[in-house]
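*Asks:* Have a look at the structure that comes next, please.
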Amino acid sequence: MRGSDFAELKAFAAVVERSSFARAAEHLGVSPSALSQTIRQLEARLGARLLNRTTRSVAPTAAGEQLHARIAPLFRAMDDAVAEASAAAGQMSGTLRINTLGMAARQIIAPRLGRFHRAHPDVTLDIVVDDGLSDIVAGRFDAGIRVGARLEKDMIAVRLTPDVKMVAVASPDYLARRGLPQSPADLHHHACINWRLQTDGRAYQWEFEKRGRRIEVAVSGPLVTNHSDVGVAAALQGLGIAYAFDRERVDEHLAQGQLVQVLADWSITRPGLFVYYSNRHHQPAALRAFIDCLLDRDLAKPAPQA
2 MRGSDFAELK AFAAVVERSS FARAAEHLGV SPSALSQTIR QLEARLGARL LNRTTRSVAP
62 TAAGEQLHAR IAPLFRAMDD AVAEASAAAG QMSGTLRINT LGMAARQIIA PRLGRFHRAH
122 PDVTLDIVVD DGLSDIVAGR FDAGIRVGAR LEKDMIAVRL TPDVKMVAVA SPDYLARRGL
182 PQSPADLHHH ACINWRLQTD GRAYQWEFEK RGRRIEVAVS GPLVTNHSDV GVAAALQGLG
242 IAYAFDRERV DEHLAQGQLV QVLADWSITR PGLFVYYSNR HHQPAALRAF IDCLLDRDLA
302 KPAPQA
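Have a look at this one:
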């Protein structure tokens with residue numbers, strides 16, 4: 002295979018895996034126009050259209066899907082081989098791609114970025130915040146961070162946080178106007194701030210449990226959102242009751258009396274956050290180091306020699 006052939010296939014894989022010429026071009030360090038020309042050259046050489054392009058999206062054709070399915074494992078194997086060689090030589094470098102929930106990026110990754118960089122300055126972190134549960138294998142991510150109940154199958158998972166009890170909250174002003182719900186059924190008579198699931202676009206049915214009895218309630222109200230900041234802000238402004246998993250967003254407001262917990266004896270416990278990766282290929286040394294950093298295991302290790 003000529004070097005240009007390899008470059009064209011790598012460019013094609015980058016576009017498919019990021020569903021965007023702009024994001025793929027940024028990853029490859031080229032301009033979008035140059036990347037588009039590379040893809041046209043590949044399509045001309047193969048005599049087949051590989052990508053369907055519009056002004057808003059890009060997706061593989063049937064031929065493109067077939068080609069990507071064949072070459073993606075080969076690129077992963079080459080990346081693994083390079084990682085193994087670097088680890089054997091005592092070096093740690095390259096790019097580590099992580100797909101993560103926004104909550105995990107904010108609470109777990111962001112506070113440790115400086116420490117990881119100082120310990121491993123030749124490793125580039127490519128952090129993609131994605132609450133839509135993307136396939137990390139298809140997207141060629143080294144690892145993902147998700148809530149335990151939403152882990153992909155056939156993955157190796159490492160717990161990052163304990164399980165979390167969800168909390169229904171409202172402002173004192175709202176409760177003064179509308180009263181305090183005594184049971185989940187009372188929510189049908191309240192304004193509720195709901196979540197839209199990014200996986201399928203459905204509104205989340207609130208889950209409750211008490212003494213082994215588990216129920217789901219379809220709520221309604223003035224706002225539906227897929228972002229925790231918006232939901233908490235709405236509750237603080239008295240729009241209604243919110244049901245939160247991201248405790249960091251509400252605990253401070255509860256402590257300050259800006260929000261009040263309701264239906265506390267009905268709240269369910271949800272699985273905490275896990276970092277997970279495929280068991281189908283070698284774990285890069287950089288990923289092991291990154292997981293150690295997320296779990297603060299690196300604090301007990303001697304710093305690498307300069």
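Residues in the sequence shown are numbered from 2 upward in steps of one, following my numbering.
Using N, Cα and C, we set each Cβ at its ideal position, and we do this for glycine too.
In angstroms, rounded to a whole number, what distance separates the CA positions of residue 194 and residue 94?
*Replies:* Along the sequence shown, one-based indexing puts residue 194 at 193. Along the sequence shown, one-based indexing puts residue 94 at 93. Cα to Cα, residue 194 sits roughly 45 Å from residue 94.
*Asks:* Would residue 236 be called buried (16 or more neighbouring beta carbons within 10 Å of its own) or exposed?
*Replies:* Taking the first residue of the sequence shown as position 1, residue 236 is located at position 235. Buried: at least 16 other Cβ atoms inside 10 Å.
*Asks:* Quick one, are the C-beta atoms of residue 103 and residue 80 less than 7 Å apart?
*Replies:* Counted from its first residue, the sequence shown places residue 103 at position 102. Counted from its first residue, the sequence shown places residue 80 at position 79. No, these two residues do not count as a Cβ contact at 7 Å.
*Asks:* Three Cβ pairs or more, each shorter than 8 Å: is that satisfied between the region 173 to 190 and the region 287 to 294?
*Replies:* Flag = no, the region 173 to 190 and the region 287 to 294 do not touch.
*Asks:* By alpha-carbon positions, which one of 189, 7 and 276 ends up nearest to residue 72?
*Replies:* The sequence position of residue 72 within the sequence shown is 71, counting from 1. Selected option, being the one with the closest Cα: 7.
*Asks:* Can you give me the start and stop residues for the beta strand (DSSP E) that residue 251 sits inside?
*Replies:* Taking the sequence shown and counting its residues from 1, one reaches residue 251 at position 250. That residue, residue 251, is in no beta strand (DSSP E); its alpha helix (DSSP H) goes 249 to 256.
*Asks:* Output yes if chain C places a C-beta closer than 7 Å to the C-beta of residue 156; else output no.
*Replies:* As a matter of chain content, chain C is missing from the structure shown, which is built from one protein chain.
*Asks:* With a threshold of 8 Å on Cβ separation, who are the neighbours of residue 230 within its own chain once the five nearest residues in sequence on each side are excluded?
*Replies:* Residue 230 sits at position 229 when you count from the first residue of the sequence shown. Excluding positions up to five away in sequence, the list reads 250.
*Asks:* Could you pull the start and end residues of the alpha helix (DSSP H) that residue 108 belongs to?
*Replies:* The sequence position of residue 108 within the sequence shown is 107, counting from 1. From DSSP, residue 108 is part of no alpha helix (DSSP H); its letter is neither H nor E.
*Asks:* What number of angstroms, rounded off, separates the C-alpha of residue 52 from the C-alpha of residue 65?
*Replies:* Along the sequence shown, read from residue 1 onward, the residue named residue 52 stands at position 51. Along the sequence shown, read from residue 1 onward, the residue named residue 65 stands at position 64. Roughly 6 Å separates the two Cα atoms.
*Asks:* Compare the C-alpha of residue 295 against each of 168, 144, 181 and 211 and name the closest.
*Replies:* The sequence position of residue 295 within the sequence shown is 294, counting from 1. Ranking 168, 144, 181 and 211 by Cα distance to residue 295 puts 144 first.
*Asks:* Taking just the CA atoms, how far does residue 147 sit from residue 271?
*Replies:* Taking the first residue of the sequence shown as position 1, residue 271 is located at position 270. Taking the first residue of the sequence shown as position 1, residue 147 is located at position 146. Going by the C-alpha atoms only, they are around 12 Å apart.
*Asks:* Quick one: residues in its chain with C-beta nearer than 6 Å to the C-beta of residue 307, no 5 flanking neighbours on either side, listed in chain order?
*Replies:* Taking the first residue of the sequence shown as position 1, residue 307 is located at position 306. Confidence in residue 307 is poor, its pLDDT being 47 and thus under 50, which makes the residue's placement unreliable; the coordinate value appears in the next sentence. No residues qualify anywhere along the chain.
*Asks:* When you compare each of 260, 115 and 212 to residue 234 by their alpha carbons, which one comes out closest?
*Replies:* Your numbering for residue 234 matches position 233 in the sequence shown. Residue 260 is the option with its Cα nearest to residue 234.
*Asks:* How would you label residue 82, buried or exposed, when you count the other beta carbons within 10 angstroms and need 16 or more for buried?
*Replies:* Looking up residue 82 in the sequence shown gives position 81. Flag for residue 82 reads exposed.
*Asks:* Give me, in chain order, the residues of the same chain whose beta-carbon lies closer than 6 Å to that of residue 105; leave out the 5 immediate sequence neighbours on both sides.
*Replies:* Position 104 of the sequence shown, counting from 1, holds the residue named residue 105. Cβ within range, chain order: 146 and 274.
*Asks:* Count the other C-beta atoms from every protein chain shown that fall within 10 angstroms of the C-beta of residue 30, then say buried if there are 16 or more, exposed otherwise.
*Replies:* The residue given as residue 30 occupies position 29 in the sequence shown. So residue 30 ends up on the exposed side.
*Asks:* Name the residue from 244, 162, 299 and 47 whose alpha carbon lies nearest to the alpha carbon of residue 196.
*Replies:* Taking the first residue of the sequence shown as 1, we reach residue 196 at position 195. That would be 244, whose Cα lies nearest to the Cα of residue 196.
*Asks:* For residue 262, which three-state DSSP category applies?
*Replies:* Translated into the one-based positions of the sequence shown, residue 262 becomes position 261. It is a strand residue.
*Asks:* What number of angstroms, rounded off, separates the C-alpha of residue 42 from the C-alpha of residue 10?
*Replies:* Locating residue 42 in the sequence shown gives position 41, counting from the first residue. Locating residue 10 in the sequence shown gives position 9, counting from the first residue. In a straight line, the C-alpha of residue 42 is about 11 Å away from that of residue 10.
*Asks:* Using 6 Å as the cut-off, classify the Cβ of residue 136 as near or not near the heavy atoms of the ligand PLP, replying yes or no.
*Replies:* Judged by which ligands are present, the structure shown has none, so any question about the ligand PLP falls away.
*Asks:* If you check the beta carbons only, do residue 36 and residue 22 fall under 7 Å apart?
*Replies:* Numbered from 1 along the sequence shown, position 35 holds the residue referred to as residue 36. Numbered from 1 along the sequence shown, position 21 holds the residue referred to as residue 22. Cβ distance < 7 Å, so residue 36 and residue 22 count as in contact.
*Asks:* Taking Cβ to Cβ, would you say residue 224 is nearer than 7 Å to residue 198?
*Replies:* Along the sequence shown, one-based indexing puts residue 224 at 223. Along the sequence shown, one-based indexing puts residue 198 at 197. For residue 224 and residue 198, no; Cβs fall outside 7 Å.
*Asks:* With a cut-off of 8 Å on the beta carbons, I'd call residue 169 and residue 38 a contact; round off their distance for me.
*Replies:* Residue 169 sits at position 168 when you count from the first residue of the sequence shown. Residue 38 sits at position 37 when you count from the first residue of the sequence shown. Not confirmed; about 54 Å, so no contact.
*Asks:* With C-beta atoms as the reference, is residue 124 less than 7 Å away from residue 97?
*Replies:* On the sequence shown, position 123 is the one that residue 124 refers to. On the sequence shown, position 96 is the one that residue 97 refers to. Contact flag set, yes.
*Asks:* Give the single residue among 221, 202 and 186 whose Cα lies nearest to the Cα of residue 215.
*Replies:* Numbered from 1 along the sequence shown, position 214 holds the residue referred to as residue 215. Cα-wise, what sits closest to residue 215 is 186.
*Asks:* On the criterion of 16 or more Cβ atoms from any shown chain inside 10 Å, does residue 45 qualify as buried, or is it exposed?
*Replies:* For the purposes of this step, residue 45 is taken as residue 44 along the sequence shown, with counting starting at 1. Residue 45 should be labelled exposed.
*Asks:* Would residue 165 pass as a contact of residue 248 if the rule is Cβ separation under 7 Å?
*Replies:* Position 164 of the sequence shown, counted from the start, is the residue given in the question as residue 165. Position 247 of the sequence shown, counted from the start, is the residue given in the question as residue 248. Yes, the pair counts as a contact, with Cβ atoms nearer than the cut-off.
*Asks:* State the Cα-Cα distance for the pair residue 207 and residue 238, rounded to the nearest angstrom.
*Replies:* Indexing the sequence shown from 1 puts residue 207 at position 206. Indexing the sequence shown from 1 puts residue 238 at position 237. C-alpha separation (whole angstroms): 21 Å.
*Asks:* When you compare each of 204, 77 and 246 to residue 226 by their alpha carbons, which one comes out closest?
*Replies:* The count along the sequence shown starts at 1 and reaches residue 226 at position 225. Looking at the Cα atoms, 204 is the closest of the given residues.
*Asks:* From the DSSP output, in three-state form, read off residue 79 for me.
*Replies:* Counting from 1 along the sequence shown, the entry for residue 79 is found at position 78. In this structure, residue 79 counts as helix in the three-state DSSP scheme.
*Asks:* Roughly how many angstroms separate the alpha carbons of residue 99 and residue 276, rounded to a whole number?
*Replies:* One-based indexing of the sequence shown puts residue 99 at position 98. One-based indexing of the sequence shown puts residue 276 at position 275. Going from the Cα of residue 99 to the Cα of residue 276 covers about 9 Å.
*Asks:* Can you check which of these residues, 26, 40 and 27, is closest to residue 5 by C-alpha distance?
*Replies:* In the sequence shown, residue 5 corresponds to position 4, counting from 1. Answer by Cα proximity: 40.
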